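**Student:** Following this message is one structure expressed as structure tokens.
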Amino acid sequence: FERLFADGIRIVLATSAKQAELHFHRGLLGVEDLIHAATSKDDVEHSKPCPDIFEAALRRVRPLGASEVLVVGDSPWDVKAACRVGLRTVAVRCGGFPDADLIAAKTEPHPGEGGHGRVFGAGDVSEPHRPLRRRQDHA
């Protein structure tokens, strides 16, 4: 978060957790001063995989539009919700979901939606991901 903040990137948290949980975790992580805004389950009618939370997050970063925003999510629900709003998405593996579930989430049709966002990973998300290699420090 510190690097993104230092580079002028606005960080907006969009969580399906309740506001009290969000507040607790922000304090626990010590990132209160790095967060531009946040949305929680309490701010919207429907939680992920409905796109309501990401729509609320987009309202908090106006005048930026969907094409200028990148979602980092760790669940199929994050990917589905972001894609339903047309947001580019990086799916990370820390949520414990298999790659196949994250990949399938971007392609699942949603009635009434015009298109899907694009999901990025180490390569195209439709290809199996390779684990990242640690850089060896040389003495």
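If you want the numbering used here, it's the 1-based position in the sequence shown plus 71. By construction, the Cβ of each residue, glycine as well, lies at the ideal position given by its N, Cα and C atoms. Bear in mind that the values here come from a model prediction, so they are computed numbers and not experimental data.
Since G16 is in the alpha helix (DSSP H), which residue starts that stretch and which ends it?
**Tutor:** The structure shown does not extend to residue 16, since the chain spans only 72 to 210, so no value can be given for it.
**Student:** Along the chain, which unbroken stretches of the beta strand (DSSP E) at least 3 residues long are found entirely within the segment 86-114?
**Tutor:** The segment 86-114 contains these whole beta strand (DSSP E) runs: 108-110.
**Student:** How big is the Cα-Cα spacing for V132 and R81?
**Tutor:** Computed Cα separation, rounded: 8 Å.
**Student:** Looking at the secondary structure, which residues open and close the beta strand (DSSP E) in which L141 lies?
**Tutor:** Here the beta strand (DSSP E) through L141 covers L141 to G144.
**Student:** Please classify A85: is it buried, with 16 or more other beta-carbons within 10 angstroms of its beta-carbon, or exposed?
**Tutor:** The residue in question, A85, is buried, as its Cβ has 16 or more Cβ neighbours within 10 Å.
**Student:** So, at 7 Å on beta carbons, what are the nonlocal neighbours of L93 in its own chain, with the 5 sequence-adjacent residues on each side left out?
**Tutor:** Answer for L93: L84, T86, A109 and S111, listed in chain order.
**Student:** In angstroms, rounded to a whole number, what distance separates the CA positions of H117 and G79?
**Tutor:** The straight-line gap from Cα to Cα measures roughly 31 Å.
**Student:** Leaving aside the five residues before and after C165 along the sequence, list all residues of the same chain whose C-beta is less than 6 Å from its C-beta, in chain order.
**Tutor:** Only D145 meet the Cβ criterion.
**Student:** Could you check which residue in R130, A176 and K89 has the C-alpha nearest to that of A162?
**Tutor:** The residue with the shortest Cα to Cα distance from A162 is A176.
**Student:** Considering only the alpha carbon of each residue, which of A137, A88 and L129 lies closest to D113?
**Tutor:** It is A88.
**Student:** Among R159, P169 and F72, which one has its Cα closest to the Cα of D104?
**Tutor:** With distances taken between Cα atoms, D104 lies closest to F72.
**Student:** Does the distance from the CB of L129 to the CB of V150 come in under 7 Å?
**Tutor:** No, they are not a contact pair.
**Student:** Work out the CA separation of A91 and G167 for me, nearest whole Å.
**Tutor:** Going by the C-alpha atoms only, they are around 24 Å apart.
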